[in-house]
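One structure is given below, encoded as structure tokens.
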Amino acid sequence: MIRALRLAAPPVLAFVALNLVWEAATWAFEVPLYLLPPPSRIAAALFEHAGTLLRATAVTCRAAVAGFAFSALLGVAAGVLIASARWIERAVYPFTVFLQTVPLVAIAPLLVVWLGFGTRPVAVAAFIVSVFPVIVNTVTGMRSTDPALLDLFRLYRASSGARLFKLRLPSALPSIFAGLRVAAGLAVIGAVVGEFVASYAGDDAGIGMLALTYSRESHTDRLFAVVGLASSLGLALFGAVSLASHLTLRRWHASEQDR
Amino acid sequence: MAGGNASDRGHGVAVSLRDVDRVFDGGVAALDGVSFEVAPSEFVAVLGPSGCGKSTLLRLIAGLDRPQGGAVERTPAAGQIACVFQDAHLLPWRRVLANVALPLELAGVPLAERERRARAAVERVGLADAADRYPAQLSGGMRMRVSLARALVTRPELLLLDEPFAALDELTRHRLDEDLHALWRRDRMTVVFVTHSVSEAAFLGRRAVVLTRRPARVASTVTLDLPAEREGTLRSDPAFFAAVRDLRARLEDAEASP
Numbered sequence: 003m004i005r006a007l008r009l010a011a012p013p014v015l016a017f018v019a020l021n022l023v024w025e026a027a028t029w030a031f032e033v034p035l036y037l038l039p040p041p042s043r044i045a046a047a048l049f050e051h052a053g054t055l056l057r058a059t060a061v062t063c064r065a066a067v068a069g070f071a072f073s074a075l076l077g078v079a080a081g082v083l084i085a086s087a088r089w090i091e092r093a094v095y096p097f098t099v100f101l102q103t104v105p106l107v108a109i110a111p112l113l114v115v116w117l118g119f120g121t122r123p124v125a126v127a128a129f130i131v132s133v134f135p136v137i138v139n140t141v142t143g144m145r146s147t148d149p150a151l152l153d154l155f156r157l158y159r160a161s162s163g164a165r166l167f168k169l170r171l172p173s174a175l176p177s178i179f180a181g182l183r184v185a186a187g188l189a190v191i192g193a194v195v196g197e198f199v200a201s202y203a204g205d206d207a208g209i210g211m212l213a214l215t216y217s218r219e220s221h222t223d224r225l226f227a228v229v230g231l232a233s234s235l236g237l238a239l240f241g242a243v244s245l246a247s248h249l250t251l252r253r254w255h256a257s258e259q260d261r
Numbered sequence: 340m341a342g343g344n345a346s347d348r349g350h351g352v353a354v355s356l357r358d359v360d361r362v363f364d365g366g367v368a369a370l371d372g373v374s375f376e377v378a379p380s381e382f383v384a385v386l387g388p389s390g391c392g393k394s395t396l397l398r399l400i401a402g403l404d405r406p407q408g409g410a411v412e413r414t415p416a417a418g419q420i421a422c423v424f425q426d427a428h429l430l431p432w433r434r435v436l437a438n439v440a441l442p443l444e445l446a447g448v449p450l451a452e453r454e455r456r457a458r459a460a461v462e463r464v465g466l467a468d469a470a471d472r473y474p475a476q477l478s479g480g481m482r483m484r485v486s487l488a489r490a491l492v493t494r495p496e497l498l499l500l501d502e503p504f505a506a507l508d509e510l511t512r513h514r515l516d517e518d519l520h521a522l523w524r525r526d527r528m529t530v531v532f533v534t535h536s537v538s539e540a541a542f543l544g545r546r547a548v549v550l551t552r553r554p555a556r557v558a559s560t561v562t563l564d565l566p567a568e569r570e571g572t573l574r575s576d577p578a579f580f581a582a583v584r585d586l587r588a589r590l591e592d593a594e595a596s597p
């Protein structure tokens, strides 16, 4: 308990201090509200529009989680495939790099053409942005399997299925989780950017759509509330993946053990 | 010589190498015309300087690698060979018992039986209390014991060990050497034990094969005329000192030869 307090105290105090300075500065220098509202105004906006904001967060959350789930599934599958044979790697890997370099804002309108407006293109946007780190980390993890253990499996004439599921995939897990953690944050970013293009204003508007609306209306305080919610959402997803990683690896991997 | 159930292991030759050459892709020659034989139930120590190609030799005997020239023959079938490497190389996500059961699992042995046999193997190496722990919770010596239990669980006819205790402190290493020898006296499998330690080779081997520097050739083969019972007291026996001296001289000659 005391230890938890001691761990939590520094960031909480830093956060409070930053807000106090911010609050004081906006009053002291009479900064216009549309440029930089004080934290108290942002908090007020957050409570005042809690219903709309939370509904939008839930919509974005659903799309981000869907995109992330596809990233996890297809990313790991692609990584396993790429790591299984050199010729597959040469055939496929360059195009996965393309996923990383393609500007999402440019491809989002295309998604609208194919999938229409709504959650689907947004989820696909989240997927496109978040799948690459999963693939790369899966490939790296699969490649770093202990060669002596591969020898051992050969010595006991293990089937290729046993080699994959009992050796290479578990060996790659720490790497895969590292990729998933990065992907969790990226999926939220992808979803919000996707919403800029592919969602419509209305009851099922996501936070990306809300951000656009509030920006046009110069509701800077609400805009800040949206930014706060978006990063909280990314943090929550990241936290969930970290927890899953901890629960899976704590018994055996150095990265998840107390020292 | 070998008593007990040695006879049902058959007779003749368990492993035979004839003029074995192994050159790696970069043009580095590891083995150059290596020839020796190992009889069934024999404990042979292969002694050579570090990095002379001893590990390559074991991989060839295990059938994990092929020579460019010469022939490697072994009587035990592929499933009857077990290896212990320089480090324990356990699956870190499995408890001790499941690690030891791995070879049986890969061979398709039913769960209840492999659990029973794995438990017996864990007991044989003196780790009954640690069966439910993860490798990360074990000391280096205990991990090597698990590795040994994993190798023994299939009751292999041929056991290949590649400097298995080299990374351990001396006392732990001595204890493991003694235990390994006791296990061999009980089961009488054929053992090829690779080491760079003169005293370890003298303590364990019935016979020692001394290799030269890379590319390795057989410099000499020597039968160690020591009591069959290799216990800790042997280490202070004059006969043991003499054997160590003799082996060291042979190893020095082998290193000096071009």
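So the protein sequences, as listed, match chains W and P. For the first sequence, my numbering assigns the number 3 to the initial residue and increments by one for each residue that follows. For the second sequence, my numbering assigns the number 340 to the initial residue and increments by one for each residue that follows. Idealized CB from N, CA, C, for every residue including glycine. Note that the structure is predicted; figures quoted are calculated from it, not measured.
**OP:** State whether the stretch 531-540 of chain P contacts the stretch 367-386 of chain P, with contact taken as three or more CB pairs (one from each stretch) at a distance under 8 Å.
**Re:** Judged by Cβ distances under 8 Å, the stretch 531-540 of chain P makes contact with the stretch 367-386 of chain P, as three or more pairs qualify.
**OP:** Check each candidate in P:Arg434, P:Ser394, P:Leu399 and name the one with the smallest Cα separation from leucine 356 of chain P.
**Re:** P:Leu399
**OP:** Note down the Cα distance separating aspartate 347 of chain P from threonine 414 of chain P, rounded to an integer number of angstroms.
**Re:** Confidence in aspartate 347 of chain P is poor, its pLDDT being 42 and thus under 50, which makes the residue's placement unreliable; the coordinate value appears in the next sentence. Distance between the alpha carbons of aspartate 347 of chain P and threonine 414 of chain P: 13 Å.
Original post:
What span of residues does the beta strand (DSSP E) with threonine 529 of chain P cover, start to end?
Top reply: 529-534
**OP:** Measure from the C-beta of tryptophan 254 of chain W to each C-beta in chain P and report whether the shortest distance is under 7 Å.
**Re:** Yes - at least one Cβ of chain P is within 7 Å of the one on tryptophan 254 of chain W.
**OP:** Over the uninterrupted beta strand (DSSP E) stretch that includes glutamate 376 of chain P, give me the two end residues.
**Re:** Element bounds for glutamate 376 of chain P: 368-377.
Original post:
Along chain P, which residues have their Cβ under 7 Å away from the Cβ of alanine 150 of chain W?
Top reply: Phe424, His428
**OP:** List the residues of chain P whose Cβ lies closer than 7 Å to the Cβ of leucine 157 of chain W, in chain order.
**Re:** Here the neighbours are Ala401, Leu403, Ile420, Cys422.
Original post:
Relative to the alpha-carbon of aspartate 564 of chain P, which residue among P:Ala555, P:Ser374, P:Asp585, P:Leu550 has its alpha-carbon at the smallest distance?
Top reply: P:Asp585
Original post:
Per DSSP, what kind of secondary structure is valine 464 of chain P in: helix, strand or coil?
Top reply: Judged by DSSP in its simplified three-state form, valine 464 of chain P adopts coil rather than helix or strand.
Original post:
Considering only residues of the stretch 129-211 of chain W, which uninterrupted alpha helix (DSSP H) runs meet the minimum length of 4 residues and lie entirely inside it, listed in chain order?
Top reply: Listed in chain order, the complete alpha helix (DSSP H) runs (minimum 4 residues) inside the stretch 129-211 of chain W are 149-157, 162-165, 171-200.
**OP:** List the residues of chain W whose Cβ lies closer than 7 Å to the Cβ of tryptophan 523 of chain P, in chain order.
**Re:** By Cβ distance, chain W contributes nothing, its closest Cβ being about 20 Å from tryptophan 523 of chain P, past 7 Å.
**OP:** Using a Cβ-Cβ cut-off of 7 Å, state whether alanine 160 of chain W counts as contacting chain P.
**Re:** yes
**OP:** Quick one: give me the first and last residue of the beta strand (DSSP E) that arginine 361 of chain P is part of.
**Re:** 354-362
Subject >> DSSP state of threonine 395 of chain P mapped onto helix, strand, coil >> reply: helix
Subject >> CB contact below 7 Å: aspartate 223 of chain W versus chain P >> reply: Cβ-Cβ to chain P under 7 Å: no for aspartate 223 of chain W.
Subject >> Buried versus exposed call for aspartate 364 of chain P [16 or more other C-beta atoms within 10 Å across all chains shown] >> reply: Residue burial is scored here from C-beta neighbours: aspartate 364 of chain P has fewer than 16 other C-beta atoms within 10 angstroms and is therefore classed as exposed.
Original post:
Between the stretch 205-218 of chain W and chain P, which residues of the former have CB atoms less than 9 Å from a CB of the latter, in chain order?
Top reply: none
Original post:
Among P:Ala567, P:Leu550, P:Phe579, which residue has its Cα nearest to the Cα of alanine 595 of chain P?
Top reply: Closest option to alanine 595 of chain P, judged by alpha-carbon separation, among P:Ala567, P:Leu550, P:Phe579: P:Leu550.
Subject >> Given aspartate 501 of chain P as reference, the closest of P:Ala353, P:Ala427, P:Ser380, P:Glu591 once Cα atoms are compared >> reply: P:Ala427
**OP:** Using a Cβ cut-off of 7 Å (strictly closer), state whether leucine 445 of chain P contacts chain W.
**Re:** Closer than 7 Å to some Cβ of chain W, the Cβ of leucine 445 of chain P qualifies, so yes.
**OP:** Pick helix, strand or coil for leucine 507 of chain P, following the three-state DSSP scheme.
**Re:** Here leucine 507 of chain P sits in coil by DSSP.
Original post:
Could one say the Cβ of proline 495 of chain P lies closer than 7 Å to chain B's Cβ atoms, at least one of them?
Top reply: Reference to chain B is not applicable here, since the protein chains of this structure are W and P.
**OP:** Measure the CB-CB distance between valine 436 of chain P and alanine 460 of chain P and report whether it falls below 7 Å.
**Re:** In the sequence on display, residue 436 of chain P carries leucine and not valine. Cβ atoms of leucine 436 of chain P and alanine 460 of chain P: not closer than 7 Å.
Subject >> Short Cβ contact (7 Å threshold) for threonine 147 of chain W with serine 173 of chain W >> reply: Using a Cβ distance threshold of 7 Å, threonine 147 of chain W and serine 173 of chain W count as a contacting pair.
Subject >> Minimum Cβ-Cβ distance from proline 431 of chain P to chain W less than 7 Å >> reply: yes
**OP:** Provide the residue span of the alpha helix (DSSP H) that contains glutamate 412 of chain P, from first to last.
**Re:** It is not in any alpha helix (DSSP H) - glutamate 412 of chain P instead sits in the beta strand (DSSP E) that spans 408-413.
Original post:
Are the beta-carbon atoms belonging to leucine 406 of chain P and valine 359 of chain P less than 7 Å from one another?
Top reply: Correcting the residue identity first, residue 406 of chain P is proline in this sequence and not leucine. Against a cut-off of 7 Å, the Cβ pair of valine 359 of chain P and proline 406 of chain P comes out as a contact.
Original post:
Near histidine 535 of chain P, what residues of its chain come up, given a Cβ to Cβ distance below 6 Å and the 5 sequence neighbours on each side ignored?
Top reply: Ser389
**OP:** Look at the Cβ atom of alanine 185 of chain W, then the Cβ atom of proline 135 of chain W, and state whether they are nearer than 7 Å.
**Re:** yes
Original post:
Taking 7 Å as the CB-CB cut-off, is proline 172 of chain W touching chain P?
Top reply: yes
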